[in-house]
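So the structure is just underneath, and the comments pick up after that.
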Amino acid sequence: MDAVIVTHTHEDHWGETAARSIPKNLPVYVQHQADAAKIRSQGFTDVRVLNGSTVFNGVTISKTGGVHGTEAMYANPQLAEILGDAMGVVFQSSGHKTAYIMGDTVWTADVNKALNRYKPDYLIMNTGYALISGITVHMDTVNHTAVSRTDMRKFIRGQGIESRVNVPEDGEILKLD
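Letter 40 of the sequence shown, counting from 1, is numbered 40 in the UniProt record's numbering, and no numbers are missing.
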């Protein structure tokens, strides 16, 4: 592992285990200063706010917009505070396919904009009820989702899209071209 991308600091994305297990000198990319301050307070020494795009080890990392819920959800101040901010990230490198990690977001104009701008070969989505193809994550061990890997695989088989969708196990590494 050369660096860490933290799309947001909710417990299911950046928790006690991550803070304890990841080397404190490893570069950690975050969406804004508030997340940077939180992670620095846990002893991390190389925390970088991702504004726009940056290049790390020959890979261009680009921040994309994202939101945790609908406009109606954000209209409730208490819920909006809990939902907070989230970002997505696009990875590009010469001679390699482009990957877009949407992050913890609902489908928004920002997602459409990122898809149109970067035209990713791979789309990694946090799913609870996926209707499109890609790599599905954010199930089973995340206590606020209702779709399990078993459910997702059954759905994928029913749609006949097994060749286009991966459902990795926790900790499984998928090699993308």
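Every residue gets a Cβ at the ideal spot worked out from N, C-alpha and C, and that includes glycine.
Only a predicted model underlies this, so the values are computations on that prediction, with no experimental measurement involved.
CB of residue i within 9 Å of CB of residue j, strictly
{"i": "residue 7", "j": "residue 101", "result": "yes"}
{"i": "residue 86", "j": "residue 103", "result": "yes"}
{"i": "residue 33", "j": "residue 19", "result": "no"}
{"i": "residue 22", "j": "residue 4", "result": "yes"}
{"i": "residue 122", "j": "residue 97", "result": "yes"}
{"i": "residue 114", "j": "residue 64", "result": "yes"}
{"i": "residue 29", "j": "residue 56", "result": "yes"}
Cutoff 8 Å; reference residue i; Cβ partners in own chain excluding five residues on either side
{"i": "residue 45", "result": "24, 25"}
{"i": "residue 93", "result": "58, 59, 60"}
{"i": "residue 153", "result": "167"}
Top-ranked residue by Cα proximity to residue i, from the options
{"i": "residue 12", "options": "48, 95, 83, 72", "result": "83"}
{"i": "residue 17", "options": "158, 78, 39", "result": "39"}
{"i": "residue 179", "options": "79, 27, 120, 157", "result": "Any question about residue 179 goes unanswered here, given that the chain covers just 1 to 177."}
{"i": "residue 108", "options": "69, 166, 78, 80", "result": "69"}
{"i": "residue 90", "options": "52, 155, 1", "result": "52"}
{"i": "residue 173", "options": "124, 77, 116", "result": "124"}
Residue i - partner residues in DSSP beta bridges
{"i": "residue 5", "result": "29"}
{"i": "residue 47", "result": "28"}
{"i": "residue 53", "result": "62"}
Nonlocal neighbours in the same chain, by C-beta distance under 6 Å from residue i, ignoring five residues either side
{"i": "residue 66", "result": "86, 87, 88, 103, 105"}
{"i": "residue 14", "result": "6"}
Any C-beta of chain D under 9 Å from that of residue i
{"i": "residue 149", "result": "Reference to chain D is not applicable here, since this structure consists of a single protein chain."}
Own chain partners of residue i with C-beta closer than 7 Å, once the 5 adjacent residues on each side are dropped
{"i": "residue 133", "result": "Caution applies to residue 133, whose pLDDT of 45 falls short of 50 and renders its modelled position unreliable; the model cannot decide the point."}
{"i": "residue 36", "result": "30, 47, 49"}
{"i": "residue 176", "result": "97, 99, 122"}
Inset, instruction - Return the chain-ordered ranges of every beta strand (DSSP E) run that is complete within the segment 55-114 and spans a minimum of 3 residues. - result: Counting only runs of 3 or more, we get 59-67, 85-92, 99-101.
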